[in-house]
Amino acid sequence: MDIRQEVVKMAQEAEKYGLIKYKSGNFSVRDKYSGYIYITPSWIPREELTPEIISVLDGSGKILSSVYKPSAEYLMHVKIYQNRSDVFAICHSHSLYATTFAIANIEIPPVSREAVHYGAITIPVADYAPPGSEELADNVVKTLGQYDCCLLRNHGVVTVGKNAEDALIKLVYVEENAKEFFNLKLLGVSFQPLSLSSEEYISAFVPYYNK
1 MDIRQEVVKM
11 AQEAEKYGLI
21 KYKSGNFSVR
31 DKYSGYIYIT
41 PSWIPREELT
51 PEIISVLDGS
61 GKILSSVYKP
71 SAEYLMHVKI
81 YQNRSDVFAI
91 CHSHSLYATT
101 FAIANIEIPP
111 VSREAVHYGA
121 ITIPVADYAP
131 PGSEELADNV
141 VKTLGQYDCC
151 LLRNHGVVTV
161 GKNAEDALIK
171 LVYVEENAKE
181 FFNLKLLGVS
191 FQPLSLSSEE
201 YISAFVPYYN
211 K
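Residues in the sequence shown are numbered consecutively from 1, following the working numbering.
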């Protein structure tokens, strides 16, 4: 599949899964050979996205091709790629449950087995900075570290992956885990965060990751 089409598919599937609405969120894929970054344009309804209007940047963030302005969060994508040689796709959304915890500045523990899709980590929260700012990009890079997801305080969530499908799957399961955590807090019951042994983690996660 053409890289531009991969970006369109990521954004439209995220909307189908209820992770974004209308014009929100941004998605990108990095070409493994050229290093070029293909990213959703700014403020275009997801159902109107086509491969022809996907913006193209070089590895430094210079715009190479863009019918519309690239996403206002393009600098965050660029800086993540610059700091993570293993990452080739990024999703950023404002999904309801994950964003609720981001607003509350509450880390999300792994509460179900699906959390293995993003490493079964407690999802950290990046400090607040204005959307689209270099400060926000730096905060996300610092908080993400070698993790594959983090929350953005008062803003949303970011997931990264080895390809478009990988990043999107992580976005889906971060929101699913956030919803389960939210419901557990509503119930007011005690619970034990997921803690997989190395053997359990490998058997659950590696077959998926290496397929």
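Just so you know, even glycine gets a beta-carbon here, dropped at the ideal spot from N, CA and C.
In terms of DSSP beta bridges, what is residue i paired with?
i, result
"residue 93", "157"
"residue 125", "151"
Tell me whether residue i sits in a helix, a strand or coil according to DSSP, three-state version.
i, result
"residue 104", "helix"
"residue 198", "Confidence is the limiting factor: at residue 198 the pLDDT is only 47, short of 50, which leaves the residue's position unreliable and the question unanswerable from this model."
"residue 5", "helix"
"residue 11", "helix"
"residue 98", "helix"
"residue 193", "coil"
"residue 120", "coil"
Could you check the C-alpha separation between residue i and residue j for me, to the nearest Å?
i, j, result
"residue 62", "residue 81", "14 Å"
"residue 178", "residue 72", "26 Å"
"residue 169", "residue 117", "7 Å"
"residue 26", "residue 111", "27 Å"
"residue 60", "residue 138", "15 Å"
"residue 186", "residue 75", "37 Å"
"residue 120", "residue 93", "20 Å"
"residue 105", "residue 143", "13 Å"
"residue 126", "residue 132", "14 Å"
"residue 10", "residue 2", "12 Å"
"residue 15", "residue 45", "10 Å"
"residue 24", "residue 183", "25 Å"
"residue 154", "residue 171", "17 Å"
"residue 53", "residue 65", "9 Å"
"residue 69", "residue 37", "14 Å"
"residue 8", "residue 41", "10 Å"
"residue 134", "residue 156", "17 Å"
"residue 35", "residue 49", "22 Å"
"residue 173", "residue 159", "10 Å"
What are the start and end residues of the alpha helix (DSSP H) that includes residue i?
i, result
"residue 180", "164-187"
"residue 111", "Element bounds for residue 111: n/a, residue is neither H nor E."
"residue 137", "134-144"
> Enumerated in chain order, which unbroken segments of the alpha helix (DSSP H) with a length of 4 residues or greater are wholly contained in the stretch 14-91?
Replying inline: 74-83
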